[in-house]
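Per the numbering used here, residue 128 is the first one in the sequence shown, and the count goes up by one each step.
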Amino acid sequence: MPSISGSVVLVTGANGGIGTQFVKGALDRGATKVYATARSPRTWDDERIVPLALDINDAASIAAAVSAAQDVTVLINNAGATPPSSNILDLSEAELREGMETNFFGPVLMAKAFAPVLSSHPESVLIDVHSVASWYAFAGIYSASKAALWSATNSLRLELSPQGVHVVGVHVGYVDTAMAAHATGPKMLPADLVRAVFEAVEAGEFEVIADEVTAQVKAGLSQPLEVLYPQLRQ
128 MPSISGSVVL
138 VTGANGGIGT
148 QFVKGALDRG
158 ATKVYATARS
168 PRTWDDERIV
178 PLALDINDAA
188 SIAAAVSAAQ
198 DVTVLINNAG
208 ATPPSSNILD
218 LSEAELREGM
228 ETNFFGPVLM
238 AKAFAPVLSS
248 HPESVLIDVH
258 SVASWYAFAG
268 IYSASKAALW
278 SATNSLRLEL
288 SPQGVHVVGV
298 HVGYVDTAMA
308 AHATGPKMLP
318 ADLVRAVFEA
328 VEAGEFEVIA
338 DEVTAQVKAG
348 LSQPLEVLYP
358 QLRQ
C-alpha cells in the first residue's frame, strides 16, 4: 500500500487552510520533504518544507515546478477558486473560463506534467481534491468544474494505475476555512479532512467520502433527479 512516510509531497494551494494542513499532516506522517506551492509562497519554519512558486494556470510555471521537483512521489492537487456568484448565468464569459481554468484545467495539466515524475518511482500517489459540489449543483461553475475534475480523475486513475500511480479522489462538503466563512451549517476541520485523506491513501482506497452530507449526496445520485433537487417539483 502507498505510504506517506518517507514520501516527497507537493501541495498546490499550500497557503490556504486545507493546503497548510496537508503540508503539516504530511510531515506528521513522516514525509521527508514537502514542496509548499502557491503563486506567492509563504515562509515556513521547517527546513523540510520547500516553498515553491507555482501558478497552475500558467504552463511555464508548471514546467518550472516539474523541473524543480523531480523527486515528488505524492502530488496533491488542492488549489482551487470560487466564483463571485453561484449562478452560472450571472457570470461573464471570462469568469466562467477562469473557473474551469483553475478548478479543472489546472489540476489536469499538473497531473499530466508530473505523470512522468510520479511513474518513475516504485510507488506514487496523485490526490485530487474535489467537493460535494462535483455531485450537487449548488455552486454554478464551481460545481461544473469540480464535476469535470471528478470525471478526469476517474480517467487518470485508469491511465496511471498501470504505471504504479495510485489516484485518490476527495469529496467533502464545507471545511472550516476562509473560503467557507460565509457558509452556515456543519463544517469539517481541515485537520480531520487531511487525516481522512491520508488514512485512505495508506489503506489503498480510491475515493474519500469525507463527511455525512457528501455520503448523502452520493447516495442520492441513484435516485430520480427531483429527489436530489426537490425545488424541481415546484
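Cβ atoms here follow ideal geometry from the backbone N, Cα and C, with glycine treated the same way.
Give the straight-line distance between the Cα atoms of residue i and residue j, rounded to the nearest whole angstrom.
i, j, result
"R156", "Q361", "50 Å"
"W171", "P178", "8 Å"
"G331", "D319", "19 Å"
"I268", "V340", "20 Å"
"T200", "S130", "10 Å"
"E225", "S288", "30 Å"
"K151", "S132", "13 Å"
"A307", "G300", "Note that A307 scores a pLDDT of 48, beneath 50, so its modelled location is shaky and nothing firm can be said."
"Y356", "S270", "14 Å"
"V135", "L352", "43 Å"
"D198", "A163", "14 Å"
"L316", "A153", "16 Å"
"A342", "F325", "18 Å"
"A158", "I176", "10 Å"
"R169", "E329", "29 Å"
Applying the criterion that 16 or more other CB atoms from any shown protein chain within 10 Å of the CB defines a buried residue, is residue i buried or exposed?
i, result
"K273", "buried"
"G143", "buried"
"H298", "buried"
"S251", "buried"
"V354", "exposed"
"F265", "exposed"
"L359", "exposed"
"Q350", "exposed"
"Q148", "buried"
"M128", "exposed"
"T229", "buried"
"L181", "buried"
"D217", "exposed"
"N214", "exposed"
Assuming residue i is part of the beta strand (DSSP E), what are its boundary residues?
i, result
"V328", "Counting along the chain, V328 falls outside any beta strand (DSSP E), though it belongs to the alpha helix (DSSP H) covering P317 to E329."
"S251", "S251 to V256"
"E332", "Here E332 belongs to no beta strand (DSSP E), and DSSP marks it neither H nor E."
In the DSSP assignment, find the alpha helix (DSSP H) that holds residue i and state where it starts and stops.
i, result
"L218", "Premise fails: L218 is in no alpha helix (DSSP H) and is neither H nor E."
"P235", "The question names Pro, but residue 235 in the sequence shown is Val. G233 to S246 is the extent of the alpha helix (DSSP H) around V235."
"L359", "Taken as a continuous stretch (DSSP letters only), L359 belongs to no alpha helix (DSSP H), as it is neither H nor E."
"L137", "From DSSP, L137 is part of no alpha helix (DSSP H) but of the beta strand (DSSP E) over V135 to V138."
"E228", "E228 -> no alpha helix (DSSP H), and no H or E assigned at all."
"V259", "Neither: V259 is in no alpha helix (DSSP H) and is coded neither H nor E."
Just grab the DSSP bridge partners of residue i for me.
i, result
"G291", "DSSP lists no partner for G291."
"V302", "M315"
"G347", "In DSSP, G347 forms no bridge with anything."
"V340", "Answer is none; V340 lacks a bridge partner."
"V297", "V256 and V335"
Return yes when at least one heavy atom of the ligand SAM lies under 7 Å from the C-beta of residue i, else no.
i, result
"I183", "As presented, the structure is devoid of all ligands, the ligand SAM included, so that no description of it is given."
Runs of beta strand (DSSP E) lying entirely within the segment 143–209, each at least 3 residues, in chain order: 160–165, 176–180 and 201–204
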